[in-house]
Amino acid sequence: MAICITFGTHEFTSMLEGYENVRAYCYNCQHWNGHCLTRWPFFTVCFVPLIPLATHKYKEVTCYTCRFTQDLRDRPDITPETRPPPHMQWGPQPPPGAQWQQQQQQQPQLQSPPVAHGAQQEPESYK
1 MAICITFGTH
11 EFTSMLEGYE
21 NVRAYCYNCQ
31 HWNGHCLTRW
41 PFFTVCFVPL
51 IPLATHKYKE
61 VTCYTCRFTQ
71 DLRDRPDITP
81 ETRPPPHMQW
91 GPQPPPGAQW
101 QQQQQQQPQL
111 QSPPVAHGAQ
121 QEPESYK
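Oh and the sequence shown: position 63 is 63 in full-length UniProt numbering, straight run, nothing missing.
Structure (structure tokens):
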């Protein structure tokens with residue numbers, strides 16, 4: 001007779017209370033995409049969390065872009081009012097000449113579709 005018991009770990013995460021609207025600077029990827037989270041790991045048996053693996057919740061800053069995580073105690077620059085500067089744009093930006101190149105590429109080149117070898121082309125009246 002064999003009994004299969006599944007065990008492992010699970011982490012419960014949530015936004016840190018009071019820091020829900022904070023956007024923090026990530027020191028790893030240089031984006032303003034860090035969010036304050038709480039994390040609490042548990043030991044599970046048959047997918048049921050039984051024993052907490054920490055005596056308290058971890059308070060961390062996690063970057064949504066690169067997944068870099070840092071303890072909130074190591075980031076005294078982050079307060080509940082932390083926001084990116086008003087002139088900052090979200091996410092990675094295109095290179096400086098990309099807008100001009102994109103406008104040039106928008107002019108479509110009209111061509112007929114390729115014809116397979118041995119196929120007959122449509123008469124000009126159908127085009």
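Backbone N, C-alpha and C define an ideal beta-carbon position, used for all residues, glycine too.
Once DSSP output is grouped into helix, strand and coil, what is the label at D74?
helix
Put P41 into one of helix, strand or coil per three-state DSSP.
strand
With a cut-off of 8 Å on the beta carbons, I'd call D77 and E60 a contact; round off their distance for me.
Contact doesn't hold; Cβ gap of about 15 Å is too wide.
CA-CA distance, C26 and N33?
7 Å
For the beta strand (DSSP E) that contains F12, what are its first and last residues?
7-15
Which residues mark the beginning and the end of the beta strand (DSSP E) in which K59 is found?
58-63
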